[in-house]
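J.: Quick note on numbering: the sequence shown equals residues 30 to 396 in the working numbering.
Using N, Cα and C, we set each Cβ at its ideal position, and we do this for glycine too.
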Amino acid sequence: MRTIETVGVVGFGVMGAAIGLNAAMAGYKVVFKEMNDELVKAMYDKWVISALKKRVERGKMTREQMDTVAGLIQGTSQYEDLDVCDLVIEAAVENMDLKISIFGELSKACKKDAILVSNTSTFLIEKVMSKVEGQERTAGLHYFFPANVNKLVEVIRQKATSDETYNLLMEFASKNGKVAISVKDFPGFAINPVFIAAYSVLDSFYDGDKYNVATLDDISKETLGVRFGVMWVQNGSGLGTAYHAAVSMHEYLGETDIGFPVAPTSLKEKFEAGESWNLEDGDINTDKEARKYVAERLLGAIFAISTQLIEKDVVTEEDLEVGIRTSLAWPKGPFGLMDEMGADEVKRLVKLVVDGGYFKLPSKFAA
Ligand SMILES: NC(=O)c1ccc[n+]([C@@H]2O[C@H](COP(=O)([O-])OP(=O)(O)OC[C@H]3O[C@@H](n4cnc5c(N)ncnc54)[C@H](O)[C@@H]3O)[C@@H](O)[C@H]2O)c1
Numbered sequence: 030m031r032t033i034e035t036v037g038v039v040g041f042g043v044m045g046a047a048i049g050l051n052a053a054m055a056g057y058k059v060v061f062k063e064m065n066d067e068l069v070k071a072m073y074d075k076w077v078i079s080a081l082k083k084r085v086e087r088g089k090m091t092r093e094q095m096d097t098v099a100g101l102i103q104g105t106s107q108y109e110d111l112d113v114c115d116l117v118i119e120a121a122v123e124n125m126d127l128k129i130s131i132f133g134e135l136s137k138a139c140k141k142d143a144i145l146v147s148n149t150s151t152f153l154i155e156k157v158m159s160k161v162e163g164q165e166r167t168a169g170l171h172y173f174f175p176a177n178v179n180k181l182v183e184v185i186r187q188k189a190t191s192d193e194t195y196n197l198l199m200e201f202a203s204k205n206g207k208v209a210i211s212v213k214d215f216p217g218f219a220i221n222p223v224f225i226a227a228y229s230v231l232d233s234f235y236d237g238d239k240y241n242v243a244t245l246d247d248i249s250k251e252t253l254g255v256r257f258g259v260m261w262v263q264n265g266s267g268l269g270t271a272y273h274a275a276v277s278m279h280e281y282l283g284e285t286d287i288g289f290p291v292a293p294t295s296l297k298e299k300f301e302a303g304e305s306w307n308l309e310d311g312d313i314n315t316d317k318e319a320r321k322y323v324a325e326r327l328l329g330a331i332f333a334i335s336t337q338l339i340e341k342d343v344v345t346e347e348d349l350e351v352g353i354r355t356s357l358a359w360p361k362g363p364f365g366l367m368d369e370m371g372a373d374e375v376k377r378l379v380k381l382v383v384d385g386g387y388f389k390l391p392s393k394f395a396a
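1. How do the segment 61-70 and the segment 34-51 stand: do at least 3 beta-carbon pairs fall below 8 Å, yes or no?
2. Distance check for Arg377 and Val161, CA to CA, integer angstroms please.
3. Considering only the alpha carbon of each residue, which of Ala330, Pro360, Thr194, Glu301 lies closest to Met30?
4. Quick one: is the Cβ of Phe173 within less than 7 Å of any heavy atom of ligand 1?
5. Of all the beta strand (DSSP E) runs that stay within the bounds of the segment 221-263, which reach a length of 3 or more residues?
6. Checking the sheet assignment: what are the DSSP bridge partners for Glu183?
7. Is Ser277 helix, strand or coil when you go by DSSP?
8. Out of Gly267, Ala176, Thr244, Arg326, state which residue places its alpha-carbon closest to the alpha-carbon of Lys49.
9. With a CB to CB cut of under 8 Å and the five nearest residues on each side skipped, what residues in its chain are close to Lys70?
10. According to the Cβ coordinates, are Leu145 and Leu135 closer than 8 Å?
11. Which residue spans inside the segment 83-116 form an unbroken alpha helix (DSSP H) run of at least 4?
12. So Leu81 packs on Met95, CB below 8 Å; how close in whole Å?
13. Report the three-state DSSP secondary structure of Thr190 (helix, strand or coil).
14. My assumption, with CB atoms under 8 Å, is that Val36 sits in contact with Cys114. Please give the rounded CB distance.
15. Is the separation between the beta-carbon of Tyr272 and that of Leu308 shorter than 8 Å?
16. Whole angstroms is fine: what's the gap from Ile331's alpha carbon to Gly206's?
17. Could you check if Gln107 is buried or exposed, using at least 16 other CB atoms within 10 Å of its CB as the buried criterion?
18. In whole angstroms, what separates the C-alpha of Pro216 from that of Glu93?
19. Where does Lys141 sit, in a helix, a strand or coil, going by DSSP?
20. Any idea what DSSP makes of Val301, helix, strand or coil?
21. Look up Gly133 in the DSSP assignment and say whether it is helix, strand or coil.
22. Could you pull the DSSP bridge partners for Glu119 from this structure?
23. Can we count Lys137 as close to ligand 1, meaning its CB is less than 7 Å from some heavy atom?
24. On the DSSP letters alone, give me the boundaries of the beta strand (DSSP E) that Lys380 sits inside.
25. Hey, could you find the ends of the beta strand (DSSP E) Phe61 is sitting in?
26. Quick check on Ile78: buried or exposed, where buried means 16 or more other Cβ atoms within 10 Å of its Cβ?
27. Could you compute how far the alpha carbon of Val98 sits from the alpha carbon of Gly269?
28. Applying the 10 Å Cβ sphere with the 16-neighbour rule, what's the burial state of Thr190?
29. How is the alpha helix (DSSP H) around Thr355 delimited, first residue to last?
30. Cβ-heavy atom distance between Gly40 and ligand 1 below 7 Å?
31. Nearest to Gly362 by CA position, among Val383, Ile220, Ile313, is which residue?
32. Within the present structure, is the beta-carbon of Val16 separated from the nearest heavy atom of ligand 1 by less than 7 Å?
33. Hey, Val259 and Trp359: beta-carbon distance below 8 Å or not?
34. By Cβ distance below 6 Å, which residues in the same chain neighbour Arg354 in space, the five residues on each side in sequence not counted?
35. Going along the chain, which residues of its own chain have a beta-carbon closer than 8 Å to the beta-carbon of Glu34, five neighbours each way excluded?
36. Whose CA, out of Leu390, Asp373, Trp306, Asn51, lies closest to the CA of Val178?
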């Protein structure tokens, strides 16, 4: 039985650094690949040494443990140095042409049976891997920000992914202390379509007055029972990233039998102005009817896309439920919320967002 011992990480940025550090802390040897030696050094000091020192200062790790973890980590600017890796995780910037070319290089430089995965948020794995020789060893391994803290990982099987590759990735995720769910190669995979649908609908109500940011954030907190509202979470990922992801989801799904809301103009305007959502932009609107109007559509959107994901075999109900609770810290996932409401109410809310033009009607609710 093959095992993974050495892991390559391409892109030593926010995500790559956390993914590699997580693996080193789980005992794997890690080789980071950056664009040039200066960046390798700068990122090593920034993400590895200072992060480990902080852990030692906070008493979360001994100096000895720090030296052991640091000793497992190397950096390089050359693809050839990744020839020792059993698994390579790509976490470079989100650009399709760049990713395709990186995997072309990896296919040439790595062992012929090295597993090659991408941490892309928005691209289909099959496309990103088009230049790899031996498609059965490719897959997606999608971590969530912040990758050293957030426990969820989506293991994405594209059509050609072999059982061996999939099993080794599930085992790798578990040894890294992650909760892994199994997802089909689908736009945004399983978690992001739900979250992007939620904020696309919520943001579409923003008018700076009756529905200011404070009100919309508060409605999302009350409706979903979360500590951090949907507007707050968008700020965390950056409104530029949030907007581009919303555009991409609409492009992929808007005209299909699933449907997807148009990326909200309000989000575009905020991001183009270089702003974040101002969570303290005025009083919270307490008018019950006004709040209910938005809450029902927020839930309807979450229910519609979640049902579609199951109908299209992207993910199982159980995995989506666990995935949403783990990655987004919602106390209940979509199916927990639906169970609580009952079938008739769920159908009514889904019809609201279908009538509003946000989604197409899932077959389950057609009868
Ligand atoms: N930030 C998030 O919340 C998040 C969450 C999940 C997935 N992702 C995905 O993870 C990936 C990385 O995102 P990030 O936020 O860490 O970006 P980032 O900009 O912080 O890091 C990307 C790094 O890749 C490096 N890079 C670019 N070309 C390279 C090459 N040819 N070889 C080696 N390194 C190269 C850059 O120098 C940079 O340091 C993206 O695909 C993104 O969609 C991001």
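T.: Here's the rundown:
1. yes
2. The count along the sequence shown starts at 1 and reaches residue 161 at position 132. The count along the sequence shown starts at 1 and reaches residue 377 at position 348. About 46 Å.
3. Sequence index remark: in the sequence shown, residue 30 carries index 1 (1-based). The shortest Cα separation from Met30 among Ala330, Pro360, Thr194, Glu301 belongs to Thr194.
4. Looking up residue 173 in the sequence shown gives position 144. Result yes, Cβ under 7 Å from ligand 1.
5. none
6. Along the sequence shown, read from residue 1 onward, the residue named residue 183 stands at position 154. BP columns for Glu183 point to His171, Ile210.
7. Position 248 of the sequence shown, counted from the first residue, corresponds to residue 277. Looking at Ser277 - three-state DSSP - the assignment turns out to be helix.
8. The residue you call residue 49 lines up with position 20 of the sequence shown. It should be noted that the sequence gives Gly, not Lys, for residue 49. Minimum Cα distance to Gly49 is reached at Ala176.
9. On the sequence shown, position 41 is the one that residue 70 refers to. Cβ within range, chain order: Gly104.
10. In the sequence shown, residue 145 corresponds to position 116, counting from 1. In the sequence shown, residue 135 corresponds to position 106, counting from 1. A contact, by the Cβ cut-off of 8 Å.
11. 92-100
12. Counting from one through the sequence shown, the residue named residue 81 turns up at place 52. Counting from one through the sequence shown, the residue named residue 95 turns up at place 66. Confirmed, Cβ separation roughly 5 Å.
13. Here residue 190 refers to the residue found at position 161 of the sequence shown. Three-state DSSP puts Thr190 in coil, outside helix and strand.
14. For the purposes of this step, residue 36 is taken as the residue at position 7 of the sequence shown. For the purposes of this step, residue 114 is taken as the residue at position 85 of the sequence shown. Indeed they touch by this definition, with Cβ atoms about 6 Å apart.
15. Position 243 of the sequence shown, counted from the first residue, corresponds to residue 272. Position 279 of the sequence shown, counted from the first residue, corresponds to residue 308. Against a cut-off of 8 Å, the Cβ pair of Leu308 and Tyr272 comes out as no contact.
16. For the purposes of this step, residue 331 is taken as residue 302 along the sequence shown, with counting starting at 1. For the purposes of this step, residue 206 is taken as residue 177 along the sequence shown, with counting starting at 1. Cα to Cα, Ile331 sits roughly 28 Å from Gly206.
17. Reading the sequence shown from its first residue, position 78 is the one you call residue 107. Result: exposed.
18. Sequence index remark: in the sequence shown, residue 216 carries index 187 (1-based). Sequence index remark: in the sequence shown, residue 93 carries index 64 (1-based). Answer to the nearest angstrom: the Cα atoms are 43 Å apart.
19. As a first step, residue 141 must be located in the sequence shown, where it is residue number 112. Looking at Lys141 - three-state DSSP - the assignment turns out to be coil, as it is neither helix nor strand.
20. Position 272 of the sequence shown, counting from 1, holds the residue named residue 301. Note that residue 301 is Glu in the sequence shown here, rather than Val. Residue state, collapsed to three classes: helix.
21. The sequence position of residue 133 within the sequence shown is 104, counting from 1. Of the three classes helix, strand and coil, the one that applies to Gly133 here is helix, per DSSP.
22. Working through the sequence shown from its first residue, we reach residue 119 at position 90. Answer by DSSP bridge pairing, in chain order: Val39, Ser147.
23. Position 108 of the sequence shown, counted from the start, is the residue given in the question as residue 137. For ligand 1, not one heavy atom lies less than 7 Å from the Cβ of Lys137.
24. The residue labelled residue 380 in the question sits at position 351 within the sequence shown. Counting along the chain, Lys380 falls outside any beta strand (DSSP E), though it belongs to the alpha helix (DSSP H) covering 372-384.
25. As a position in the sequence shown, residue 61 is number 32, starting the count at 1. That run of the beta strand (DSSP E) goes 58-62.
26. Within the sequence shown, numbered from 1, the residue matching residue 78 stands at position 49. The residue in question, Ile78, is exposed, as its Cβ has fewer than 16 Cβ neighbours within 10 Å.
27. Along the sequence shown, one-based indexing puts residue 98 at 69. Along the sequence shown, one-based indexing puts residue 269 at 240. Near 34 Å, if we compare the C-alpha coordinates of Gly269 and Val98.
28. Position 161 of the sequence shown, counting from 1, holds the residue named residue 190. Classification of Thr190: buried, given that the 10 Å Cβ count is 16 or more.
29. What you label residue 355 is simply residue 326 of the sequence shown in a count that begins at 1. Taken as a continuous stretch (DSSP letters only), the alpha helix (DSSP H) holding Thr355 covers 346-357.
30. The residue given as residue 40 occupies position 11 in the sequence shown. Flag set: Cβ of Gly40 near ligand 1.
31. Mapped onto the sequence shown, residue 362 falls at position 333. The shortest C-alpha separation from Gly362 is found at Ile220.
32. In the structure as shown, the chain begins at 30 and stops at 396. Residue 16 is therefore absent and cannot be evaluated.
33. Numbered from its first residue, the sequence shown carries residue 259 at position 230. Numbered from its first residue, the sequence shown carries residue 359 at position 330. Not a contact, by the Cβ cut-off of 8 Å.
34. Residue 354 sits at position 325 when you count from the first residue of the sequence shown. Once the five neighbours on either side are set aside, the close Cβ partners of Arg354 are Gly362.
35. Stepping through the sequence shown from its first residue, residue 34 is reached at position 5. Around Glu34: Tyr57, Lys58, Asp115.
36. What you label residue 178 is simply residue 149 of the sequence shown in a count that begins at 1. Among Leu390, Asp373, Trp306, Asn51, the Cα nearest to that of Val178 belongs to Asn51.
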